[in-house]
Amino acid sequence: MTVPLPVLLLLTSLVPAAVTFFLPQEAHRLRNALSLGGALLKVALIVAMLFAVAGGASYEAGLTPAPGLMLLLRIDALALLFVSLSAILWLLTTIYAIAYFGTKPQLSRFFGFFSLCVAATTGIALSGSLFTFFIFFELLTLSTWPLVAHKQDAPSLAAGRRYLLYAMPCSAALLWAIVWLESATGPVIFAAPTDFGTLAPNAQRAIFALLIVGMGMKAAIVPLHGWLPAAMAAPAPVSALLHAVAVVKAGAFGVIRVVHDVFGMDRMSELGLGLPLAALASVTILWGSVRALGQREIKKRLAYSTVSQVSYIVLGISLIGPFAVIGGLAHLIHQGLMKITLFFCAGIYDERAGVKRIEGLDGLGPRMPWTSTCFSLGALGMIGLPPMAGFVSKIYLGLGGLQSGAPWVLAVLAASTLLNAAYFLPLLYRLWFREPAPEVQGDERAPALVAPTVVAALGALGVGALAAAPVSPLAWATLLAERAWLP
Amino acid sequence: MTFVLDAVLCALILGVAAATIAGHGVFRAIVFFIVYGLLVAVGWVRLGAVDVALAEAAIGAGLTGVLFLAAYGRLGREGAGGDAPAPAHLPAAMAGLGVTCALGWAWSALPLPDRPGPQLAEALPMSGVENPVTAVLLNFRAWDTLLESVVLLAALTGLWMLTRDAAWGGRIGLPQHVRPDGVMAGFGRVLPPLGLLVGVYLVYIGADRPGGAFQGGTVLAAVGLVAALAGAVRPPRIGATRWRAALVAGPLVFLLAGLAGAALGAGFLTLPPQIAGAALFAIEVALAASIAVTLAFLVLGPPEETITR
Amino acid sequence: MNALVVLLTLPLGGALAAVAFPAGVARGAALAAAAGTVAAALAVASEVAAGAPPRIALGGWPPPLGIALAADGLSAALLVTTAAVMAAVLLAARHTMAAGLAGPRIAFGFWPLALMLWAALNAVFVSRDLFNLYVGIELLSLAAVGLVAIGGKPEALAAAMRYMLFALAGSLLYLAGVALIYAAHGALDIDLLASRRPSGTDALALALMTAGLTAKTALFPFHVWLPPAHAGAPAPASAMLSALVPKASFVILLRLWTEALPDEASPAALTLIGALGVAAVVWGSLGALAQSRVKLIVAYSTVAQIGYLFAVFPLLPLAQAAWSGVIFLALSHALAKAAMFLAVGQWMAAAGGDRLEELRGLAQAMPMSAFAFALAAVTLAGLPPSGGFLGKYMVMTAAFTAGQWVWALPMALGGLLAAAYLYRPLAALFAREGASVAAPSRARQAVPLALAGGGIALGLASAEPLALLANGQPPIQAVVR
Amino acid sequence: MTLWVGPLLPLAALVWPLLIGAAAALPGVRDRAMRLLWLAPLPALWLALAGESAATLAPDLLLGVTLGLDPGRRLLLGMTAALWIVAGLAAQPMAERPRAAIFAGFWCLTLSGNLAVFLAQDVVTFYVAFAAVSLAAWFLVVHERTDAALAAGRVYIVVALAGEVCLLVGLLIGAHAAGATAIAEVRAALGTSPGGPLAVALLTIGFGIKAGLVPLHVWLPLAHPAAPVPASAVLSGAIVKAGLAGMLLFLPEGAAGPALIALGLAGAYGAALWALTQRNPKTVLAYSTVSQMGLILMLVGAGGAAREAAPYVALHHGLAKGALFLLVGAMLAAGSRRQRAACLALAAVAAASVAGAPLSGGALAKAAVKSELPAALAQALSLSSVTTTLALGWFLHRLARTGGAHRSALPLALPAVLTALAFAAPWALWQDWTGRAPVYALAPDALRAALWPVAAGGLGALILLRFPLPEKPPGDLLTLPLRWRRATPRWPELPARAIDAAKLAAALRNAVARGERALLRRQASAALLPLLALALFGLLAGRF
Amino acid sequence: MTALTLYALTGAALIGLGLYGLIAARHLLRRIVAFNLLGSGLFLYLGAAGARGDGPDPVPQALIITGIVVALSASALAVGLLVAGARLSGRATLPEEAE
């Protein structure tokens, strides 16, 4: 029996999810083995596929449960970009989470939903049609809730509630758009151009807006971002998942699919959709940064930072030009690496030093040098300082803005850089330059927490410093852009 | 002349019905209702539907009336016998009037359909009975009737579920205290044999002439009721196996007969003409017995005497 | 022996046995009958799926003289779903409705009533005769009333009484319509009526039947009896009442409007029904939001979910997908709602009540039934990949295809409202605190989980049920304007 | 002299300091890291001495790194490397002090960036280098962790980041206009493209910040004195030159010329005069740097050969200013009167050179450019020597009053080497850079022209000693808004809690209960049932 | 007007009356009585319709007999509910209609 590759890729996290749910709490070893095994297998599969897909290959698997409904999984270059990110970060997060949770209660539930989340993300990445995308998108919504509310205390439950409060109406909007669209066009297959037929331009615009609302909630586009800072009540691995591995990324990826594959660049320009989206992304970038400034909790500040950063991706996509798209796509990876580093660090500060608020960071740098170095690298990357990954994205976004005739993007980037610096540098300052508070104790005697963090930080450094290398995210994004723009 | 008779009858029916609805006092409404039932039974005879007339008289007026009277009595014991006067209800009046008018209009608009008359005439000889109503009930639309017998059982089961847990297992109905030399006791001694005869007769002739399991069963139920009310017999306990067997006998025989048809290859509820007559008779007898028991139990109500265990 | 016959008679036989025999034997007989009926339902479905839908002219008398029974895709789907729900309910009841736990009265009454209810459902799903359908839903109603009253509390009795009155009024209105149909056409068979000579009175007949059946289905504003009735019954009974009973009258309605008298439909009438459906979605959801007892929340949810079924009516003559969609909604609601009530029953047994604050933290002790509730919530909220989602999706597509996007709105809105009102019990369940309670065994918790999983599976493996439904799907018929 | 160069040498010149810096993090090396610092710039010095032929292409790094040299930057590279070597040696005593490893690490990072600014051939590398030097230097500024250092650090980082942003935007516009990342092409494109003026303005701001262009210089008088002495030396001597290099590289000929001239002159005079209000000798030196950089930027603005010669001027200034800062450190360490005198003497020599006293390197530098300038500017240049002399005279005065006697070992050799270089290097390079014989600088006219301003300035300085100006806080323009606002903005929370959830729930409960009661009361619901039938009948019969 | 019409219209009127009683009455026993009235009116209507044409049609009669039995079953259960409810609450009305 041969299982099609896309399905196999999905199964690498679906099977651990399904089995983990039924494991007793005490089966730590088996559960960890399952999660890690799935993650490793997935990474291996992806590495194997990378080269084939770079050569132009694509894999497909699909079924049609009902006329007009098509479930289609397809591995193309864009899918692989996203799925590699989520797979690698999943592996890191799994290692981290195993160490983070130790023997805390309800682990089977946690890891079950965790794997399910990743399975959903994989599904989102591999979706070959809009309908399939929606199915996995919603699966993600649902499997994320138990993770957000995992601690089951009042703030976690409130966060979970807020998450659903945002997610549900937005997925209704998404569904509405999909139904509207597909009732006019038939099934929307990403690989094939969509035939909008008789749909009036304004209807197309409305559909686009609804799709963006649906995706934008996950991507935390203002004003649909309110759930994300609230969700920082969740444990650190969940934050990593939300901010880097799965959720906001899925939203951004959805925007990419909508712009790129559902509407296509030509139609985007024809309908004049790029500019409003870019404007929205810009507002988000600035607003997220401004709000981050006011936060005193580390994770909350990081969360608002994500709000801002993820819209870099959206901005890049919406500018409809090769450079901008490269920047946006590359930032999908870059932001993931940087933000996961930061959240890993925040988790370590919380776990090992009991520090949640930025005041507590005072003087932790020398005590927790590895963590703090990683945190600093991540923060500098967020500001966009070379040679971190964020810098590369910013260069391309800036050039893209100019190339697409939107020089104001530079102003946005400039302002965002300054704001990023304004809310990150004080943290670094506290870490390294303040006298530690006497009651704060911190150590790093948790190699399984620190190691993934260091790897992620090195990754964020590496993809920036080696951006031009032939296997970097940037190179992959360039490949995608070339395929999109070169005949 | 007959028209005038009919008109007077209809007027009476309507008048009594109006009195039932609008009159004061629950008891009076019940009495009016019994009168109404009898009048309607006469109406059915006028319409040439003797089977229905019998059913209406026995069930509609008779048994239902007893049921209501018994209920009234019990409500009185619970202090809820008094009427609860209701003010005029305009929407209800509009609704009633509207539906009446609509149906009245429909009457004028009704086409005269091709009935299943020819097919029925053709099929009747093969049905095993001569009374076409019985043929429809027990053969052509036997599935309805089978379900209906289960409906009775369902009602009884439901009714029994209203027993207080403390009374479960006790004798059905209210504990009776009848003076042995009273009128009721006399009735109880005289009526049952007579009624038994009538009931059995009705069942027996149902195959050919008006009558049948339902009508006969109802009379038999009435017999049982009177006997019970008169203290001549004591109602059984709720868990009594024999009586439970009697409850299910009718539907069971019916069901088995239907399945036998299926097993014989003729099809479910299909009775080959050769044995149809005998089979239907057996069904009718069993059904009558079950109906009698069930109806009697329905009227008697759930056990009310607290059992001390 | 014909599977269809077994399907109809076995639960009846089981019910008779349950009445006749003492409690222990009765339960065994009932469960045996249940097992056989499940098998028969599957057999019928496979016959339908194989393209050989069983059809019987009872007694060998073809309509109009006799009664025809036939299973088509719609019947088969409902029969199988009913079998699944009933099997789960009876499995759950095996423990909770035993004499030791529930007392001898309930131990006696539950089984025959449940089996009669099942028999009535099966009969309704396959009957092609309007009067036979009347008898069927009467049997259904009486058994259902009995099940509502089985709890014996004053509220339950009042609820049962209210239910009874609505059921009686509804039956008679329906019967009035049937009478008019027979009077005008001399036939009661659905297929014969489809090819009848239209009569002016058919509109009145259809109106009366529809009104009567909406009362039985508890469409807004005739839902008032439903929440207390469903909430007042013991959990297995509630599961049957909420999941299955409304479906019977709904199927009759569906058959009337799409099979028997589709030519009578008028856009305005369909719109009126649809509007009531939308009102039901909104009002039921608000009602559920306002409750603080889980059973009432779940019961009001039924009011809302029934609203969905009617909100699809305006689309039925316009788009093929609406029909399959609404049936998917009905099926997944059946599975999910039964799962919910069974889960709630386990919590009530453990926590002693169903107020939200009493349920706090129960997910710790009963993770499986809590998970079952969550999965069922996914289905009810119409989230992928559940069957509820697929139904909603098909209906919404139908709405857009028909150019009537307004009717997609209640689907979208209803999902949100469902998520809102189901969130509260879920949040309570998953709260961290929680007293230690005696949890039922995993095997018993697995029962609602299996049902809820079925609701999800309906979406995941939707190809089979959709193919099944295609058997005998009525063609859409443009409304005469 | 031909030294070996390989294709990797430019890269190695950058990576080598990084390796040393990274080594400083290693536990075994940590304590000795300071002693290695002087090794870090050696490959760069080698490269500068070897010539311009070396180039590195590293297409995989960043967005593709290209490194190479041109004459001007070779000069600056050499000067920078030399200064850093000397400063590295001067930093060795700091090895005993706390946080030495951190200092060493960022020292190396700053160095690497500083060198890379002179080697970068493409926009991205240049930006990376500039950011590295700019931001890593912050750690040098705040190293002492005194309040003043931290306050200076805050100003520094804010201004530096603003500068980075301006640069980034300007560079992006340039790269877009050129459609390429090679610096030469970008410069060409900036002159012609429509976005050019904006980019030029942004770049001028970005580089001007680093180079201490008035009024963007405000951070400089705060930061340079705050740093440890060796760091001050490289900050003022080498790092400011990164800004200059940027301007030379990117500003098209004549672009922003008038502005640069005006601001440069304003800085040249204003900063020198403001220096007179300062008490801290390092601050005085910092203002002097602003002043000198003003002159050099004026040259850039003037364009033509003057612009070409700017690196030559900068070379001298870097070496001399480095020497002066080191001398401040020496003075702080000087124990005996003799040592102090030696210090002062050496400082006077270096100061004279900066002021352009005859025969000094400074005089050569001025001579090299004066003939290339329009007359007015040439005059201004000469005149600036007066103010420079004033300022440096004041510096000597303040230096003389700086006391310490902390240590006996006096690293006087290092400033001496630098001073010597400051004198010698311009002479050595004179012919190469001006194309004139060395005698030109020895001509009496030239000597006279160099002498009178110094003399005038010296005289003024003497007067000033008698009548000192009132003290002003450093940071001049910045003194008003220096108060760091710690306003935490309060943003309105989204109205999640605006509505009282409990009240809402109660209202909903009431509404539902009322509705249900209304439907039940008098059986309204039941009454609706036949009415629904009638309504349906109407609608069906009417075929609406 | 024929006799059949007379009975049919009587049936229709009974239906209306029964409906009114079923909805408007408060005492539950009266409601159940009204239900029976409504039912029998309906049967009358159907019977009259079946009696049209040549000779009485047995099918409606059979339907009516079934209907009568069903009505009795329902009435019995309703009465049982009423009595049991009254035993617990002392009322013969629905709780929402109690005085």
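The listed protein sequences derive, respectively, from chains B, R, Z, D and C. When the count follows the numbering used here, it moves up by one through the first sequence with no breaks and lands on 487 for the last residue. When the count follows the numbering used here, it moves up by one through the second sequence with no breaks and lands on 309 for the last residue. When the count follows the numbering used here, it moves up by one through the third sequence with no breaks and lands on 481 for the last residue. When the count follows the numbering used here, it moves up by one through the fourth sequence with no breaks and lands on 544 for the last residue. When the count follows the numbering used here, it moves up by one through the fifth sequence with no breaks and lands on 99 for the last residue. Here a beta-carbon is modelled for each residue, glycine too, at the ideal position from N, C-alpha and C.
For residue j and residue i, the rounded distance between their alpha carbons
i: T214 of chain Z; j: M168 of chain B; result: 30 Å
i: T10 of chain C; j: E138 of chain Z; result: 26 Å
i: L4 of chain C; j: A93 of chain R; result: 25 Å
i: L81 of chain C; j: I297 of chain Z; result: 26 Å
i: S238 of chain Z; j: P154 of chain Z; result: 17 Å
i: M293 of chain D; j: R436 of chain D; result: 25 Å
i: E551 of chain Z; j: L426 of chain Z; result: Residue 551 of chain Z cannot be examined here, being either before or after the span of chain Z that is shown, 1 to 481.
i: P444 of chain D; j: A363 of chain D; result: 13 Å
C-beta neighbour in chain R for residue i, strict 8 Å
i: P58 of chain C; result: yes
i: S485 of chain Z; result: Since the first residue of chain Z shown is 1 and the last is 481, residue 485 of chain Z is not available in this structure.
i: T401 of chain Z; result: no
Test: residue i CB closer than 8 Å to a CB of chain B
i: G191 of chain D; result: no
i: G345 of chain Z; result: no
Residue environment, residue i, which counts as buried when at least 16 other CB atoms sit within 10 Å
i: T9 of chain Z; result: buried
i: P43 of chain D; result: buried
i: T306 of chain R; result: exposed
i: N471 of chain Z; result: buried
i: L11 of chain D; result: buried
8 Å Cβ cutoff, residue i in contact with chain D
i: G98 of chain R; result: yes
i: A235 of chain Z; result: no
Distance cut-off 7 Å: residue i Cβ against heavy atoms of the ligand ATP
i: G542 of chain D; result: Looking at this structure, you won't find the ligand ATP or any other ligand, since it has none at all.
Cutoff 8 Å: residue i Cβ touching any chain C Cβ
i: L91 of chain Z; result: no
Residue-chain proximity (residue i, chain Z), Cβ-Cβ < 8 Å
i: I207 of chain B; result: no
Expected contact under 8 Å - CB spacing of residue i and residue j to nearest Å
i: A263 of chain R; j: P56 of chain C; result: That belief does not hold up - the Cβ atoms of A263 of chain R and P56 of chain C are roughly 36 Å apart, past 8 Å.
i: L508 of chain D; j: A381 of chain Z; result: The pair is not a contact, with the Cβ atoms about 19 Å apart (cut-off 8 Å).
i: G258 of chain R; j: F268 of chain R; result: 5 Å
In chain order, what residues of the segment 64-79 of chain D put their CB closer than 8 Å to some CB of chain Z? none
What are the residues of the segment 17-43 of chain C that lie near chain D, defined by any Cβ-Cβ distance shorter than 8 Å? L19, L22, I23 and A24
Quick one, which residues of the segment 101-115 of chain R are near chain Z if we go by CB-CB under 9 Å, in chain order? Listed by position along the chain: A102, L103, W105, A106, W107, A109, L110, P111, L112, P113, D114 and R115.
In the segment 65-81 of chain R, which residues sit with their C-beta less than 7 Å from some C-beta in chain C, listed in chain order? L67, F68, A71, Y72, R74, L75, E78, G79 and A80
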